[in-house]
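S.K.: Mapping of the first sequence onto UniProt numbering: position 405 corresponds to residue 405, and the numbering continues sequentially without gaps.
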Amino acid sequence: MAAVPTRNDRRVILHLDYDCFYASVFEVEQPALKSVPLAVQQKQIVVTCNYEARRRGLHKLQLIKDAKRICPDVVIVLGEDLTKFRDVSKELYSFIRGFVWGERVERLGFDELSLDVTDMIDYNLQILNPHDLTNAFFQLDVKDPTVGFSYDATRYLGKTVPLYPEGIATPLEIDSLGMRLLLGSHLIGYLRTRMEHDKGFTATGGVSTSKLLAKLVGSVHKPNQQTTLLPPYETKHDSSLEDSNVIQFMDSHDIRKIPGIGSRLAQKLSHKVNSHSDAEGDGERRLTVRDVRLFPSMSSATLERVLGGPGAPKGIGVKIWGILHGVDNTNVMEARDIPTQISIEDTYGRGRLATPEDLRRELEVLTRSLIRRMRTDLLDDTVTDGTQPRWLAHPRTLRLSTRPRNAPETDGARSYNWNRISRSAPLPSFVFHVDENVDSIAERLVHEHAMVMFRKLHPEKSGWDLQLLNIAVTNLVESAGDQKQSRGRDIGKMFRQQEAVLKNWSVHESGPAAEERAAVDHRATPSPRQATSREERMQQPGDCTGVAVQVAAQVAAAAWNRNDQSGSEESEDADWQDEDECDRSWRVSPANVECPLCGAVMPQFAQLAHQTFHATEKGGD
DNA sequence: ATGTGGGAG
DNA sequence: GGTTCTCCCACAT
Numbered sequence: 001m002a003a004v005p006t007r008n009d010r011r012v013i014l015h016l017d018y019d020c021f022y023a024s025v026f027e028v029e030q031p032a033l034k035s036v037p038l039a040v041q042q043k044q045i046v047v048t049c050n051y052e053a054r055r056r057g058l059h060k061l062q063l064i065k066d067a068k069r070i071c072p073d074v075v076i077v078l079g080e081d082l083t084k085f086r087d088v089s090k091e092l093y094s095f096i097r098g099f100v101w102g103e104r105v106e107r108l109g110f111d112e113l114s115l116d117v118t119d120m121i122d123y124n125l126q127i128l129n130p131h132d133l134t135n136a137f138f139q140l141d142v143k144d145p146t147v148g149f150s151y152d153a154t155r156y157l158g159k160t161v162p163l164y165p166e167g168i169a170t171p172l173e174i175d176s177l178g179m180r181l182l183l184g185s186h187l188i189g190y191l192r193t194r195m196e197h198d199k200g201f202t203a204t205g206g207v208s209t210s211k212l213l214a215k216l217v218g219s220v221h222k223p224n225q226q227t228t229l230l231p232p233y234e235t236k237h238d239s240s241l242e243d244s245n246v247i248q249f250m251d252s253h254d255i256r257k258i259p260g261i262g263s264r265l266a267q268k269l270s271h272k273v274n275s276h277s278d279a280e281g282d283g284e285r286r287l288t289v290r291d292v293r294l295f296p297s298m299s300s301a302t303l304e305r306v307l308g309g310p311g312a313p314k315g316i317g318v319k320i321w322g323i324l325h326g327v328d329n330t331n332v333m334e335a336r337d338i339p340t341q342i343s344i345e346d347t348y349g350r351g352r353l354a355t356p357e358d359l360r361r362e363l364e365v366l367t368r369s370l371i372r373r374m375r376t377d378l379l380d381d382t383v384t385d386g387t388q389p390r391w392l393a394h395p396r397t398l399r400l401s402t403r404p405r406n407a408p409e410t411d412g413a414r415s416y417n418w419n420r421i422s423r424s425a426p427l428p429s430f431v432f433h434v435d436e437n438v439d440s441i442a443e444r445l446v447h448e449h450a451m452v453m454f455r456k457l458h459p460e461k462s463g464w465d466l467q468l469l470n471i472a473v474t475n476l477v478e479s480a481g482d483q484k485q486s487r488g489r490d491i492g493k494m495f496r497q498q499e500a501v502l503k504n505w506s507v508h509e510s511g512p513a514a515e516e517r518a519a520v521d522h523r524a525t526p527s528p529r530q531a532t533s534r535e536e537r538m539q540q541p542g543d544c545t546g547v548a549v550q551v552a553a554q555v556a557a558a559a560w561n562r563n564d565q566s567g568s569e570e571s572e573d574a575d576w577q578d579e580d581e582c583d584r585s586w587r588v589s590p591a592n593v594e595c596p597l598c599g600a601v602m603p604q605f606a607q608l609a610h611q612t613f614h615a616t617e618k619g620g621d
């Protein structure tokens with residue numbers, strides 16, 4: 001029997017999914033649209049439609065032609081320009097973030113959010129009066145006990161899995177998983193109400209203990225509803241796992257519906273499972289998580305063999321094996337202030353890009369958008385005192401991608417080509433000249449750079465048949481010296497103390513053995529802060545993070561021992577360099593240290609980081 | 001550093 | 001005759 005991965009169920013995670021987001025943006029703009037079937041068009045397809053349209057048989061990714069045939073009175077609006085959607089998405093994001101303690105609110109695409117509300121739930125469990133659960137009050141502000149909402153702590157709000165119509169009125173232990181999820185259900189209900197009343201957007205919600213489970217359970221009842229995945233999550237020792245609601249819930253899903261399992265992985269899995277039991281050729285019956293999980297001799301090692309190979313991420317077997325058991329220990333990451341890339345693309349019908357003139361014209365259109373996007377997203381708009389606005393980050397690479405159409409086969413049929421090809425080159429610095437106008441920058445960039453890259457991609461003089469052009473800037477380097485206070489950390493103090501801190505640990509004495517010893521030693525020592533009460537920590541949010549982040553990053557990074565950051569970056573422009581990039585999102589709490597890049601949690605370093613922080617605090621200053 | 005592939009909405 | 005417009009991450013070289 002293959003080992004069953006263990007889940008971390010200490011957290012409470014909420015998932016929000018705005019209902020048919022693009023269509024809702026138009027409805028909020030023009031409320032009259034709410035009562036008609038509404039479809040949002042990009043090129044020749046319906047990218048989304050409202051529920052009135054769905055009632056009449058329309059759906060996502062349908063051809064406009066078909067949509068009109070099925071529902072002749074459908075109202076169609078054009079949604080190729082994403083600016084509006086992007087802006088609304090950011091607004092809703094900061095609205096929700098305003099309610100959540102800490103920074104753990106993650107945006108997935110334009111229309112989904114994951115929230116780690118563990119701290120809020122823990123606090124509200126503490127202040128819960130066990131003798132009057134039906135008249136509970138959920139406090140949204142630690143400092144002001146009047147800010148919050150009333151709720152009934154004997155019932156779950158909204159739907160549950162498995163479904164109990166009354167939301168259950170049960171005597172739950174105060175500190176049980178069920179009670180934490182129950183509070184989560186009331187919190188997400190409150191957030192959904194506020195979103196609708198204040199902003200006009202309805203959302204579907206999910207409540208569980210991980211991003212994976214909250215997202216999956218959220219989609220059980222749509223739209224404008226919410227669902228909580230009920231305990232028990234754990235499996236009794238030596239049972240066949242089926243007494244866990246998580247296993248039951250995961251098992252019922254089509255393998256392709258699981259986040260993290262895309263079409264390629266689903267295809268490989270179905271090949272593996274069906275080649276054994278399938279007598280029919282090409283039998284396309286749906287494959288469930290259960291089918292894969294219980295397949296003979298299935299294990300993380302089997303999955304690694306089936307799914308791994310050249311190009312595949314290492315450890316994919318372990319990861320997928322976990323997912324099949326509902327295990328997702330990745331953290332909700334706080335928002336990044338800048339994106340990692342910006343790209344603009346358009347698709348073209350046959351013959352639309354036949355000549356170099358066509359090509360150049362279209363490239364200029366795309367490039368103008370790109371420069372405008374760079375200015376709106378990357379320029380510091382807080383500077384209004386007449387001086388030149390500063391770039392928050394400089395992309396270092398320009399990339400041009402195309403997707404050629406396939407040549408017709410002998411029977412004249414053309415198969416669809418999904419693949420892109422691309423060329424990259426350093427981004428010239430004139431694109432950062434803020435006082436030059438967009439058109440002339442775009443013209444120059446296309447003429448001197450993009451066209452050259454295009455010729456490398458397509459050496460023929462003309463007659464290419466391209467479906468798609470994409471131009472992107474990537475490889476963004478954040479600028480230094482920006483005091484965008486990420487939770488009041490004092491950088492000056494941090495650097496002044498850093499040397500002393502690191503000396504204690506001898507982390508810069510190289511060698512993994514030394515770091516390992518340091519880690520072990522400190523793990524054995526009790527931290528003076530361990531006994532600190534929860535409220536005390538809550539009222540000083542992020543107090544420890546300044547030095548601890550710096551320190552834990554160094555120790556953890558060294559011990560993690562993945563990439564030597566030998567990067568000897570040569571300096572072209574001084575202001576391109578940043579002093580403060582790698583450490584900025586390392587998260588340290590009394591229980592955890594978390595890698596900002598992969599989200600891995602390393603609790604073994606938490607105590608180390610905290611202890612040293614407080615030692616420093618005592619000695620320094 | 002550059003290019004490709006897979007995944008997400 | 002045939003799906004949009006993005007964004008993110010990891011791997012290979």
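Note that beta-carbon positions come from the ideal geometry of N, C-alpha and C, so glycine has one too. Since this is a predicted model, take the numbers as computed values, not measurements.
Just to confirm the assignment, what range does the beta strand (DSSP E) spanning P395 have?
M.R.: As a working mapping, residue 395 is identified with position 395 in the first sequence. For P395, the uninterrupted beta strand (DSSP E) run begins and ends at 393-404, by DSSP.
S.K.: Have a look at the DSSP bridge pairing and note the partners of F149.
M.R.: Position 149 of the first sequence, counting from 1, holds the residue named residue 149. Note: F149 sits in a beta bridge opposite F138.
S.K.: When DSSP builds the beta bridges, which residues end up paired with Y18?
M.R.: Counting from one through the first sequence, the residue named residue 18 turns up at place 18. According to DSSP, Y18 bridges with A203.
S.K.: Pull the bridge partners of Q248 from the DSSP assignment, please.
M.R.: Along the first sequence, one-based indexing puts residue 248 at 248. Per DSSP, none; premise fails for Q248.
S.K.: Assign T170 to one of three DSSP states: helix, strand, or coil.
M.R.: In the first sequence, counting from the first residue as 1, residue 170 sits at position 170. T170 falls in the coil class under three-state DSSP.
S.K.: Nearest to S415 by alpha carbon, out of L378, Q467, V452, A442?
M.R.: In the first sequence, the residue the question calls residue 415 occupies position 415. Cα-wise, what sits closest to S415 is Q467.
S.K.: Take F249 and list the residues in its own chain whose beta-carbon comes closer than 8 Å to its own, dropping the five residues that flank it on each side.
M.R.: Numbered from 1 along the first sequence, position 249 holds the residue referred to as residue 249. Excluding sequence positions up to five before and after F249, its CB lies within less than 8 Å of the CB of V161, L213, L216, V217, L229, G326, all in the same chain and listed in chain order.
S.K.: According to DSSP, what are the bridge partners of T118?
M.R.: As a working note, residue 118 is residue 118 in the first sequence. For T118, no pairing in a beta bridge is given by DSSP.
S.K.: Which residues mark the beginning and the end of the alpha helix (DSSP H) in which P223 is found?
M.R.: On the first sequence, position 223 is the one that residue 223 refers to. Unbroken run through P223: none, as it is neither H nor E.
S.K.: With a threshold of 8 Å, are at least 3 pairs of Cβ atoms found where one atom belongs to the region 448-461 and the other to the region 371-390?
M.R.: no
S.K.: Do the CB positions of R180 and V46 come within less than 8 Å of each other?
M.R.: Position 180 of the first sequence holds residue 180. Position 46 of the first sequence holds residue 46. No; because the gap between Cβ atoms is not below 8 Å, this pair is not in contact.
S.K.: Tell me where the beta strand (DSSP E) around S343 begins and ends.
M.R.: What you label residue 343 is simply residue 343 of the first sequence in a count that begins at 1. S343 -> beta strand (DSSP E) spans 341-347.
S.K.: Is it the case that the Cβ atoms of L324 and I316 are separated by a distance below 8 Å?
M.R.: By 1-based counting over the first sequence, the position of residue 324 is 324. By 1-based counting over the first sequence, the position of residue 316 is 316. No, Cβ-Cβ distance for L324 and I316 is not below 8 Å.
S.K.: Which two residues bound the contiguous beta strand (DSSP E) that contains E478?
M.R.: What you label residue 478 is simply residue 478 of the first sequence in a count that begins at 1. E478 -> beta strand (DSSP E) spans 466-478.
S.K.: Does E52 pass the burial test, meaning 16 or more other C-beta atoms within 10 Å, or should it be called exposed?
M.R.: Sequence index remark: in the first sequence, residue 52 carries index 52 (1-based). It is buried - the Cβ of E52 has at least 16 other Cβ atoms within 10 Å.
S.K.: What's the C-alpha gap between Q226 and E196?
M.R.: On the first sequence, residue 226 is found 226 positions in, with the first residue counted as 1. On the first sequence, residue 196 is found 196 positions in, with the first residue counted as 1. Near 14 Å, if we compare the C-alpha coordinates of E196 and Q226.
S.K.: Alpha carbon to alpha carbon, how far is T355 from N419?
M.R.: Here residue 355 corresponds to residue number 355 of the first sequence, with the count starting at 1. Here residue 419 corresponds to residue number 419 of the first sequence, with the count starting at 1. Between T355 and N419, the C-alpha separation is close to 22 Å.
S.K.: From this set, V434, V365, Y348, which residue's C-alpha is nearest R405's C-alpha?
M.R.: As a first step, residue 405 is located in the first sequence; it is residue number 405 there, counting from the start. Closest by alpha carbon: Y348.
S.K.: Take L16 and list the residues in its own chain whose beta-carbon comes closer than 6 Å to its own, dropping the five residues that flank it on each side.
M.R.: In the first sequence, counting from the first residue as 1, residue 16 sits at position 16. Here the set comprises L113, A203, G205.
S.K.: Is there contact here, the region 336-344 with the region 291-304, by at least three beta-carbon pairs under 8 Å?
M.R.: no
S.K.: State whether the region 246-261 contacts the region 171-185, with contact taken as three or more CB pairs (one from each stretch) at a distance under 8 Å.
M.R.: With a cut-off of 8 Å, the region 171-185 and the region 246-261 do not count as touching, because too few Cβ pairs lie within range.
S.K.: Are three or more beta carbon pairs between the region 122-131 and the region 26-36 nearer than 8 Å?
M.R.: no
S.K.: Where DSSP assigns a beta bridge to E460, which residues make up the other side?
M.R.: For the purposes of this step, residue 460 is identified with residue 460 of the first sequence, where counting begins at 1. DSSP output for E460 lists no bridge partner at all.
S.K.: Could you tell me the distance, in whole angstroms, from the CA atom of H186 to the CA atom of L157?
M.R.: As a first step, residue 186 is located in the first sequence; it is residue number 186 there, counting from the start. As a first step, residue 157 is located in the first sequence; it is residue number 157 there, counting from the start. Their Cα atoms are separated by approximately 6 Å.
S.K.: Return helix, strand or coil for D9, following the three-state DSSP convention.
M.R.: In the first sequence, counting from the first residue as 1, residue 9 sits at position 9. Residue state, collapsed to three classes: coil.
S.K.: If you draw a straight line from the C-alpha of V4 to the C-alpha of D116, how long is it?
M.R.: As a position in the first sequence, residue 4 is number 4, starting the count at 1. As a position in the first sequence, residue 116 is number 116, starting the count at 1. V4 and D116: Cα-Cα distance of roughly 25 Å.
S.K.: Can you give me the Cβ contacts of E91 inside the same chain, cut-off strictly under 8 Å, excluding the 5 residues immediately before and after it?
M.R.: Along the first sequence, read from residue 1 onward, the residue named residue 91 stands at position 91. Scanning its chain for C-beta atoms nearer than 8 Å, with the 5 sequence neighbours on each side dropped, one finds around E91 the residues K199, in chain order.
S.K.: If E443 and E362 are in contact, beta carbons under 8 Å, what's the gap, nearest whole angstrom?
M.R.: Reading the first sequence from its first residue, position 443 is the one you call residue 443. Reading the first sequence from its first residue, position 362 is the one you call residue 362. For a cut-off of 8 Å, the C-beta gap from E443 to E362 is around 13 Å, too long to register as a contact.
S.K.: Going residue by residue through the region 345-385, where are the continuous alpha helix (DSSP H) segments of at least 4 residues, counting only ones entirely within it?
M.R.: 356-378
S.K.: If you draw a straight line from the alpha carbon of V142 to that of P259, how long is it in whole angstroms?
M.R.: Walking along the first sequence from the start, residue 142 turns up at place 142. Walking along the first sequence from the start, residue 259 turns up at place 259. Near 35 Å, if we compare the C-alpha coordinates of P259 and V142.
S.K.: Nearest CA to the CA of W391: which residue from T6, D380, R350?
M.R.: Numbered from its first residue, the first sequence carries residue 391 at position 391. Here the closest residue by C-alpha is D380.
S.K.: Please report the straight-line C-alpha distance between A393 and I421, rounded to a whole angstrom.
M.R.: For the purposes of this step, residue 393 is taken as the residue at position 393 of the first sequence. For the purposes of this step, residue 421 is taken as the residue at position 421 of the first sequence. Those two C-alpha atoms are separated by around 26 Å.
S.K.: G184: buried (16+ other C-beta within 10 angstroms of its C-beta) or exposed?
M.R.: Indexing the first sequence from 1 puts residue 184 at position 184. Buried, by the Cβ-count rule.
S.K.: How is the alpha helix (DSSP H) around E242 delimited, first residue to last?
M.R.: Here the question's residue 242 lines up with position 242 in the first sequence. Neither: E242 is in no alpha helix (DSSP H) and is coded neither H nor E.
S.K.: Anyone know if the C-beta pair for P426 and L476 falls short of 8 Å?
M.R.: As a position in the first sequence, residue 426 is number 426, starting the count at 1. As a position in the first sequence, residue 476 is number 476, starting the count at 1. No; because the gap between Cβ atoms is not below 8 Å, this pair is not in contact.
S.K.: What residue range does the beta strand (DSSP E) around S424 cover?
M.R.: Your numbering for residue 424 matches position 424 in the first sequence. Run containing S424: 421-426, per the beta strand (DSSP E) assignment.
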